[in-house]
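So the sequence lines, in the order shown, correspond to chains H and D. Under this note's numbering, the very last position in the first sequence is 235; numbers go up by exactly one each time. Under this note's numbering, the very last position in the second sequence is 634; numbers go up by exactly one each time. Where a beta carbon is used, it is the ideal one built from N, C-alpha and C, also for glycine. Note sheet for the following structure.
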Amino acid sequence: MLTIVINGKKVKAQEGSTVLENIRALKVDIPTLCYHKDLSPFGACRLCSVEVKANGKWQIATSCNTPVAEGMEIRTDSDAAKESRRAAAELLYYKYPETGAVRDVARKLGVEVDRTEAEGHDCILCGLCVRTCREVVGVSALTFQDRGRGRDMKEPEIIFDPNACIGCGSCAYVCPTGYVQMETDGDRRIIWGKVFKMVPCPVCGRYFAPEDQLKYISKTTGVPLGTLTTCVDCR
Amino acid sequence: MDTVAFSSWNGKVVDNRNGKTAGNVAVDLPAPVGKVAAMMGWNGLVVKDSKADIPSLTFNYLKEARKISCGECSVCMIGIDRLLDIMDRMARGQGKKADLSEMQGIVKQVAANSKCSFGQSALFPVLDAVKYYKADFLALISGAKKLAGGACGVEVTAPCMDACPAGLDIPGYIELIRNNRFDESLNLIRRNCVLPGVIGRTCTHPCEDACVRKDMDESLAIRLLKRAAADVDLAQGGKPFGAPLREKDEKVAIIGAGPAGLAAACQLRLKGYGVTIFESLPHAGGMAAVGIPDYRLPANILSHEIDLIKRMGVEIKLNTKIEKLNVKDLKKDGYSAVFVAVGAHEGNKIGVEGEDKGYEGFVDGVRFLRDMNLGVKIEPADKVMIVGGGNVALDCARSCVRLGFKKVEIIYRRSRAEMPASDEEIEGAKEEGISIRFLAVPVKIIAKDGKVVGAECIKMKLGKPDESGRRRPVPVKGSEFTVKTDMIIAAIGQRPELPALDKKVGTTAWGTVKVDPKTLATEMEGVFAGGDCVTGPATLIEALDMGNRAAEGIDAYLGGSAPAQPVSFKGVDLCKQRGRGLVIQSPAVDVAFVDPKERAGKFEEVEGGFNAAAAMREAQRCLRCYRVVVWEQA
Numbered sequence: 001m002l003t004i005v006i007n008g009k010k011v012k013a014q015e016g017s018t019v020l021e022n023i024r025a026l027k028v029d030i031p032t033l034c035y036h037k038d039l040s041p042f043g044a045c046r047l048c049s050v051e052v053k054a055n056g057k058w059q060i061a062t063s064c065n066t067p068v069a070e071g072m073e074i075r076t077d078s079d080a081a082k083e084s085r086r087a088a089a090e091l092l093y094y095k096y097p098e099t100g101a102v103r104d105v106a107r108k109l110g111v112e113v114d115r116t117e118a119e120g121h122d123c124i125l126c127g128l129c130v131r132t133c134r135e136v137v138g139v140s141a142l143t144f145q146d147r148g149r150g151r152d153m154k155e156p157e158i159i160f161d162p163n164a165c166i167g168c169g170s171c172a173y174v175c176p177t178g179y180v181q182m183e184t185d186g187d188r189r190i191i192w193g194k195v196f197k198m199v200p201c202p203v204c205g206r207y208f209a210p211e212d213q214l215k216y217i218s219k220t221t222g223v224p225l226g227t228l229t230t231c232v233d234c235r
Numbered sequence: 001m002d003t004v005a006f007s008s009w010n011g012k013v014v015d016n017r018n019g020k021t022a023g024n025v026a027v028d029l030p031a032p033v034g035k036v037a038a039m040m041g042w043n044g045l046v047v048k049d050s051k052a053d054i055p056s057l058t059f060n061y062l063k064e065a066r067k068i069s070c071g072e073c074s075v076c077m078i079g080i081d082r083l084l085d086i087m088d089r090m091a092r093g094q095g096k097k098a099d100l101s102e103m104q105g106i107v108k109q110v111a112a113n114s115k116c117s118f119g120q121s122a123l124f125p126v127l128d129a130v131k132y133y134k135a136d137f138l139a140l141i142s143g144a145k146k147l148a149g150g151a152c153g154v155e156v157t158a159p160c161m162d163a164c165p166a167g168l169d170i171p172g173y174i175e176l177i178r179n180n181r182f183d184e185s186l187n188l189i190r191r192n193c194v195l196p197g198v199i200g201r202t203c204t205h206p207c208e209d210a211c212v213r214k215d216m217d218e219s220l221a222i223r224l225l226k227r228a229a230a231d232v233d234l235a236q237g238g239k240p241f242g243a244p245l246r247e248k249d250e251k252v253a254i255i256g257a258g259p260a261g262l263a264a265a266c267q268l269r270l271k272g273y274g275v276t277i278f279e280s281l282p283h284a285g286g287m288a289a290v291g292i293p294d295y296r297l298p299a300n301i302l303s304h305e306i307d308l309i310k311r312m313g314v315e316i317k318l319n320t321k322i323e324k325l326n327v328k329d330l331k332k333d334g335y336s337a338v339f340v341a342v343g344a345h346e347g348n349k350i351g352v353e354g355e356d357k358g359y360e361g362f363v364d365g366v367r368f369l370r371d372m373n374l375g376v377k378i379e380p381a382d383k384v385m386i387v388g389g390g391n392v393a394l395d396c397a398r399s400c401v402r403l404g405f406k407k408v409e410i411i412y413r414r415s416r417a418e419m420p421a422s423d424e425e426i427e428g429a430k431e432e433g434i435s436i437r438f439l440a441v442p443v444k445i446i447a448k449d450g451k452v453v454g455a456e457c458i459k460m461k462l463g464k465p466d467e468s469g470r471r472r473p474v475p476v477k478g479s480e481f482t483v484k485t486d487m488i489i490a491a492i493g494q495r496p497e498l499p500a501l502d503k504k505v506g507t508t509a510w511g512t513v514k515v516d517p518k519t520l521a522t523e524m525e526g527v528f529a530g531g532d533c534v535t536g537p538a539t540l541i542e543a544l545d546m547g548n549r550a551a552e553g554i555d556a557y558l559g560g561s562a563p564a565q566p567v568s569f570k571g572v573d574l575c576k577q578r579g580r581g582l583v584i585q586s587p588a589v590d591v592a593f594v595d596p597k598e599r600a601g602k603f604e605e606v607e608g609g610f611n612a613a614a615a616m617r618e619a620q621r622c623l624r625c626y627r628v629v630v631w632e633q634a
């Protein structure tokens with residue numbers, strides 16, 4: 001265990017844990033849009049910024065991807081830290097004013113949000129879907145297309161690879177804004193525009209999973225496909 | 001640099017406007033070709049002509065910055081978009097006074113809270129413009145002035161890119177690896193480096209020495225990341241190069257299938273030219289084939305990459321030595337231009353008594369490596385002494401270990417600090433039990449019955465620096481000593497063996513070909529030259545870069561467009577930036593090496609590469625230090 005200082009208070013922290021985990025353990029409310037405890041941190045939304053003392057100087061740093069170090073001093077409640085989080089929320093709200101998840105965060109962080117109802121479901125490039133697909137599902141059907149020298153992309157976006165997708169829907173589950181839509185209707189599931197054939201359970205008859213997903217699970221776990229085609233409830 | 005009207009370069013304000021004489025900029029600035037009225041770069045605003053339109057320059061700078069703002073973190077991408085929206089409103093005469101303070105607020109937040117070095121540093125000059133050229137912005141807001149608009153010059157670099165002889169977009173290909181887009185990463189690498197698997201294994205990586213992380217924890221493993229892009233591609237079967245957009249009628253002859261010749265061939269073929277390479281050896285690859293041992297560069301990696309170039313339609317005629325370069329005959333055969341890239345394959349004399357006697361057991365380094373790589377059987381003796389301190393000497397020594405020599409010793413006339421070989425080679429040699437005798441040099445070969453049995457050597461001490469900047473070794477009188485050895489390999493440099501050239505092709509005192517540094521044209525029309533035969537022995541990446549540039553020069557000669565002249569960043573500290581976020585210490589991801597005890601007797605590749613997951617982890621460490629410069633021509 002290490003000792004760190006959060007807002008002037010000494011606390012014990014697990015080695016290898018992040019600043020955000022320790023802040024949240026103290027019940028300090030820091031809303032985020034790109035963080036998930038089961039995924040590697042990405043630092044996209046910048047909403048978890050705090051001040052960390054480095055070389056005697058307070059510096060803004062995103063707490064989600066800053067690992068703790070012995071004696072590390074952290075401030076979440078300084079004017080600079082609060083302003084940094086508010087400014088990040090304000091910029092997100094500027095870009096995605098219609099998106100509910102963004103409006104909620106912006107309001108919480110003191111940004112003036114207009115009263116109209118949220119109707120948008122923009123992709124805010126948080127990268128949760130990309131990381132879930134790669135780190136949890138293990139197929140990497142989603143990748144981040146960004147801008148850079150010689151690439152001149154107008155807008156960065158998430159690229160979908162239909163050949164790699166197994167239709168599991170994890171990306172839709174993890175998406176904070178509702179941008180990733182999944183429709184399941186009887187023997188069909190549509191996600192990212194790709195249509196998947198759903199498999200019915202031979203016992204209860206319920207269409208419970210896309211065929212491609214079961215094939216993928218069979219391939220990676222070695223469990224025969226015949227076992228997997230029966231739903232978990234009836235197995 | 002001429003006098004400036006205003007500068008905020010490196011954050012140091014020099015304001016000579018309104019009759020003030022505050023001074024001048026004390027450091028070198030990026031230098032575009034031609035006269036510059038005003039320049040905005042990552043590190044500040046520099047105005048030379050007081051009539052320059054700073055709001056226009058700012059608008060143009062933001063547009064270019066937007067192309068580099070990747071979109072992976074919200075504040076940089078949205079902040080720049082918002083700044084552009086504000087400037088756009090101003091340009092349309094709908095600006096407000098409050099816009100200026102809003103701009104300053106956005107810049108400060110983007111700088112403080114961006115994820116990468118680019119976002120943390122890029123917008124400071126915008127702050128300077130708004131602060132020191134406030135009147136110009138207010139005139140725009142009030143409608144008293146309009147934006148001049150107009151085109152501007154732009155250049156993007158990074159400390160690593162600028163250090164790379166071939167100018168690879170290093171942050172770009174690292175970013176694509178980080179995003180699991182290995183395929184596109186390889187495409188980007190191939191634009192400037194047609195042998196990624198070869199260079200990814202053998203490069204001396206000046207980029208890594210320039211990496212901003214070097215002084216923080218450890219440089220990015222840039223070379224290994226390039227290798228990873230090539231390895232992932234090879235594991236999937238190896239993607240071919242694209243086809244030329246349009247075939248051209250002209251054919252180009254290339255003499256020498258080394259890195260320079262291959263790069264030129266590939267780039268010319270992509271432009272649509274027919275290409276034939278004449279190679280004197282039975283294998284293509286030049287020094288990559290016969291100068292670098294297999295434990296550093298497995299033969300199948302090189303042959304795969306050459307094969308991809310051949311599949312583009314490049315013809316390589318092996319075992320075809322051009323003894324006499326006759327341009328007339330080549331033209332008769334339909335070649336419109338010639339590129340001479342014959343390398344430097346002749347070992348230099350070391351100046352010891354007896355080296356001309358043809359003793360058995362005395363050989364020069366490049367000859368030794370060439371014989372070995374071409375399959376000539378080399379009988380290991382008990383002891384071998386290698387003379388020299390460069391990478392060729394190290395390649396010879398480490399090969400001798402693998403060939404089964406029992407005792408391998410390097411003798412070098414200066415000390416470790418002056419040794420030109422790369423650190424990893426020297427470390428590798430030590431691990432393999434090779435001893436290095438510093439500050440000594442052989443003066444006489446001792447032979448018995450025409451066979452080397454030893455060497456008389458003399459100790460050296462370091463004197464004053466010579467023209468290379470390294471301290472000159474001076475013999476210590478009376479310090480002679482004798483070393484027993486069965487073989488001596490002299491590896492103290494190479495020179496080119498040029499085909500008999502027309503007198504019109506000028507050569508230098510060092511036996512290299514004289515060329516125009518921009519176009520690589522020789523003094524004879526239609527004949528270009530590049531690689532080691534121009535520079536003298538240099539690195540593979542330098543040769544490859546000259547191949548790329550020769551292709552541009554030849555294309556321009558044959559009617560294509562003239563190559564763009566890059567901005568010079570000479571003397572500019574590209575590592576310096578005005579804002580820097582918190583960098584968490586994390587050393588480079590390790591790769592596995594073959595156990596030193598297992599290396600003798602076989603030429604198995606000694607360094608392991610990254611797999612895709614490890615490469616993606618390493619790529620995360622890149623700070624993405626892109627630097628944008630935009631300027632208005634005077």
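Exposure of residue i, with buried meaning 16 or more beta-carbon neighbours within 10 Å
i: residue 531 of chain D; result: buried
i: residue 126 of chain H; result: buried
i: residue 625 of chain D; result: buried
i: residue 430 of chain D; result: exposed
i: residue 26 of chain H; result: exposed
i: residue 61 of chain D; result: buried
i: residue 548 of chain D; result: buried
i: residue 220 of chain H; result: exposed
Test item: CB-CB of residue i and residue j under 7 Å
i: residue 482 of chain D; j: residue 450 of chain D; result: no
i: residue 513 of chain D; j: residue 519 of chain D; result: no
i: residue 182 of chain D; j: residue 229 of chain D; result: yes
i: residue 118 of chain H; j: residue 103 of chain H; result: yes
i: residue 34 of chain H; j: residue 42 of chain H; result: yes
i: residue 260 of chain D; j: residue 546 of chain D; result: yes
i: residue 178 of chain D; j: residue 585 of chain D; result: no
i: residue 130 of chain D; j: residue 119 of chain D; result: no
Residue i - containing beta strand (DSSP E), residue span
i: residue 565 of chain D; result: It is not in any beta strand (DSSP E) - residue 565 of chain D carries neither H nor E in the DSSP assignment.
i: residue 185 of chain H; result: 182-185
i: residue 142 of chain H; result: 142-145
Extent of the continuous alpha helix (DSSP H) to which residue i belongs
i: residue 552 of chain D; result: 540-557
i: residue 65 of chain D; result: 54-68
i: residue 23 of chain H; result: 19-25
i: residue 118 of chain D; result: 117-121
i: residue 220 of chain H; result: 211-221
i: residue 534 of chain D; result: 532-535
C-beta neighbour in chain H for residue i, strict 7 Å
i: residue 169 of chain D; result: yes
i: residue 100 of chain D; result: no
i: residue 24 of chain D; result: no
i: residue 175 of chain D; result: yes
is_contact[residue i, chain D] using C-beta, thresh 7 Å
i: residue 78 of chain H; result: no
i: residue 63 of chain H; result: no
i: residue 196 of chain H; result: no
i: residue 147 of chain H; result: yes
i: residue 46 of chain H; result: yes
Chain-ordered residues of the region 86-99 of chain H with a beta carbon less than 8 Å from chain D: Those would be 87, 88, 91, 92, 94 and 95, in chain order.
Chain D contacts from the region 114-142 of chain H (Cβ-Cβ distance under 9 Å): Under the 9 Å Cβ criterion, the region 114-142 of chain H contributes 124, 125, 126, 127, 130, 134 and 140.
Near-chain H residues of the region 70-95 of chain D (beta-carbon distance less than 8 Å), N- to C-terminal order: Going along the region 70-95 of chain D in chain order, one finds 70, 71, 72, 73, 74, 75, 77, 78, 79, 81 and 82 with a Cβ nearer than 8 Å to chain H.
Near-chain H residues of the region 179-204 of chain D - C-beta to any C-beta below 9 Å: Those residues of the region 179-204 of chain D that come within reach of chain H (Cβ to Cβ, closer than 9 Å) are 179, 180, 181, 184, 188 and 191.
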